[in-house]
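Worksheet: the structure to be examined is printed underneath.
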Amino acid sequence: MNVNTLIELMGAILPKECIITDKNSLRVYECDGLSAYRQIPLMVVLPGSTEQVQSIMRLCNEHAVPIVSRGGGTSLSGGALPHKDGIVLSLAKMNKVLEIDERSLIARVQPGMRNLAISEAVKPYGLYYAPDPSSQIACTIGGNVAENAGGVHCLKYGLTIHNVVSVQVVSSDGELMELGGSGFESPGLDLLALMVGSEGMLGIVTEVTVKLLPIPEVAKVLMGVFDSVEKAGNSVAVIITSGIIPAGIEMMDNLAIRAAEGFVQAGYPVNAAAVLLCELDGVQEEVDYQLSQVSKILHECGAVETRVARDEKERALFWSGRKAAFPAVGRISPDYYCIDGTIPRKFLGKVLSEINGLSESYGLRVANVFHAGDGNLHPLILYDANIPGELEKTEELGSRILQLCIQVGGTITGEHGVGIEKIGEMCIQFTDEEREHFHLIRECFDPKRILNPGKAIPTLARCAEHNLMHVHNGELPFPELERF
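Residue numbers 6 to 489, in my numbering, belong to the letters of the sequence shown in order.
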């Protein structure tokens, strides 16, 4: 469609100030957190209501205009990368709390509401929203739904899918749907689970009803200090199998420790090979008992030291270093590339050792900082995009790490989504038949494929090209590793 015609038609739906077409202003939206890939869209639109979203969808569906929805733009997989012939539908203006029901422990919010703002809004009721991605100060609940985001406390309290009761969704042709419900069970197929994590390819979320939890009476953080990354990784499974489920277990290796300490001064031991941050919450007696048990387990697993945060201020400081690890690494390298693979906990030590070997063979530093409790790895590959060929080498290393995750029974993403970043690895993890079923499901919701086209699900032709380049003789790398 002619862009001037599209602007004129959009003008009948939205006020002039909610339609962005100036090229310099469009550059704000040219990428998300995966800044290695950039594309300027035809325009950006900012609806302020569900009705406006419906009208935009009808217009784009009629004229086959691609749509990429966007929340806070913090996606690390290129999920919000614009389409050159399409529009970016920003939900930033739809950022209000619609209802708080403290008796039912739910809140109904618009998709542009920031993750952290939900907990701030319900704090006066003694409640909070549990999933807490490191980007929670900026990321939106709509984006969390799209990517099925996790966070530090996902081990005990679950991912976004476990904390969303229902969503209101606008389909590609403008139809309004309600998925899920306020009860414990909803009739029919579980389409809510299908929508969460669908990366904006099945519909546009315009309302989200989330579960709320009472703020715990006590929360304490224990830091375990290790002289070996493998020892630290192996201790995680031992804690879980002991019957203790911490609110969160996070791990950082030496490179990540040094970067975070230099940025935040959280009191981390900069000479340690690795640290584990283990948070325990609940009533006082339970937390005190579990602290003593976890401390004992960590020492038995090789920890050279354990520290308990002395007060709430130090607890917040311990977590501030972990949550600031990504920007902290950005201070010690011109660029970094974040991987998001998930593996069974029992392989943590071995896989971390293999990643270290890959780092050495590629000549690229890797900082490991991740959700150890659920095996969600976040290796940060440090590189310099100004050096010719270094981005390509970095992406190859990232692919090798993800193939390693697949080989030990894991998956290529835990919470960041596939987007454009991992679309090649989808060719390895899933068969042609499985991917074809993904396409068929998508076509049920979006027959014209206007929603986030080119993301997450590769075509058969693209997989044939990828496999020819990266997998030889049908074998994944690392044949010496035990297969799951």
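Idealized CB from N, CA, C, for every residue including glycine. Model, not experiment: these values are computed from the prediction.
* Mind pulling the beta strand (DSSP E) runs of 3 or more residues that sit fully within the segment 208-254? -> 209-216 and 223-231
* **Straight-line gap, Q298 to I244 (C-alpha atoms, nearest Å)** => 9 Å
* Residue closest to S74, alpha-carbon to alpha-carbon, out of R63, S233, S80 and V93 -> V93
* Give me the Cβ distance between G117 and M99, rounded to the nearest whole Å; I'm assuming they're in contact under 8 Å. => The C-beta separation of G117 from M99 comes to about 4 Å, placing the pair in contact by the 8 Å criterion.
* **M200 versus F231, N149 and L160, residue with shortest Cα-Cα distance** => N149
* Out of L387, V374, A242 and R315, which has the shortest C-alpha to C-alpha gap to D345? -> V374
* To do: Measure the C-alpha to C-alpha separation of Q59 and N66 and round it to an integer number of angstroms.
  => 10 Å
* Asked: Which class does Q173 belong to by DSSP, given the choice of helix, strand or coil?
  -> strand
* Residue interval of the beta strand (DSSP E) (run including R75) -> I72 to R75
* Alpha carbon to alpha carbon, how far is R454 from L445? -> The alpha-carbon of R454 is positioned some 11 Å away from that of L445.
* Asked: Rounded C-beta distance between Y342 and I302? I'm assuming under 8 Å.
  -> Actually they are not in contact, since the Cβ atoms of Y342 and I302 sit about 34 Å apart, beyond 8 Å.
* Asked: In terms of DSSP beta bridges, what is I111 paired with?
  -> D106 and K216
* **A17 (DSSP reduced to helix, strand or coil)** => coil
* Return the CA-CA distance between G479 and L407, expressed in angstroms with no decimal places. => For G479, the predicted model reports a pLDDT of 42, less than 50, meaning its position is unreliable and no value from the coordinates is stated.
* Asked: Less than 8 Å separating the beta-carbons of G238 and L357?
  -> Between G238 and L357, the C-beta spacing is below 8 Å.
* **Whether E266 touches R327 by CB criterion (8 Å)** => no
* Using the C-alpha atoms, what's the distance from E222 back to N7? -> 59 Å
* What three-state label does DSSP hand R370 in the structure shown? -> coil
* Asked: Can you find at least 3 beta carbon pairs, one from the segment 118-138 and one from the segment 155-173, that sit closer than 8 Å?
  -> yes
* To do: Identify, in the order they occur along the chain, each residue of the same chain with its Cβ nearer than 7 Å to the Cβ of D340, setting aside the five sequence neighbours on each side.
  => Y388, D389 and A390
* Asked: Once you ignore the five residues that flank E13 on each side, which residues in its own chain have a CB closer than 7 Å to its CB?
  -> Counting only Cβ-Cβ distances below 7 Å, and skipping sequence neighbours, we find nothing.
* For L465, collect the residues of the same chain with a Cβ closer than 7 Å to its Cβ; drop the 5 residues on either side in sequence, then sort them by chain order. => D437
* **Cβ shell of Y130 (< 6 Å), same chain only, five flanking positions each side left out** => Contacts found: E107.
* To do: My understanding is that V241 touches A112, with C-beta atoms under 8 Å, so please give their C-beta distance in whole angstroms.
  => About 32 Å separates the two Cβ atoms, so there is no contact after all.
* Asked: Excluding five sequence neighbours on each side, which residues of the same chain lie with their C-beta closer than 8 Å to the C-beta of C410?
  -> G346, T347, I348, V356, L382, T416 and I417
* Residue environment, G16, which counts as buried when at least 16 other CB atoms sit within 10 Å -> exposed
* Given that a residue counts as buried once 16 or more other Cβ atoms are within 10 Å of its Cβ, and exposed if not, what is S95? -> By the Cβ-count criterion, S95 is buried, with 16 or more other Cβ atoms from all chains shown falling within 10 Å of its own Cβ.
* By the 10 Å Cβ neighbour count, where 16 or more other Cβ atoms means buried, how is L288 classified, buried or exposed? -> One detail in the question is off: residue 288 reads as Val in this sequence, not Leu. Classification for V288: exposed.
* To do: Tell me whether I406 sits in a helix, a strand or coil according to DSSP, three-state version.
  => The three-state reading of DSSP puts I406 in helix, counting H, G and I together.
* Report the rounded CA-to-CA distance for E125 versus G429, giving the unit in angstroms. => 39 Å
* With distances taken between CB atoms, is the gap from A278 to F231 smaller than 8 Å? -> yes
* Asked: Who are T145's beta bridge partners in DSSP?
  -> R119
* Alpha carbon to alpha carbon, how far is G272 from K236? -> 21 Å
* To do: Identify, in the order they occur along the chain, each residue of the same chain with its Cβ nearer than 7 Å to the Cβ of L491, setting aside the five sequence neighbours on each side.
  => A question about residue 491 goes unanswered here, because the residues of the chain that appear run from 6 up to 489.
* For the putative contact between L353 and S177, defined by C-beta atoms under 8 Å, what is the C-beta separation to the nearest angstrom? -> Rounded, the Cβ-Cβ distance is 41 Å, inconsistent with contact.
* Asked: Is M6 helix, strand or coil by DSSP?
  -> coil
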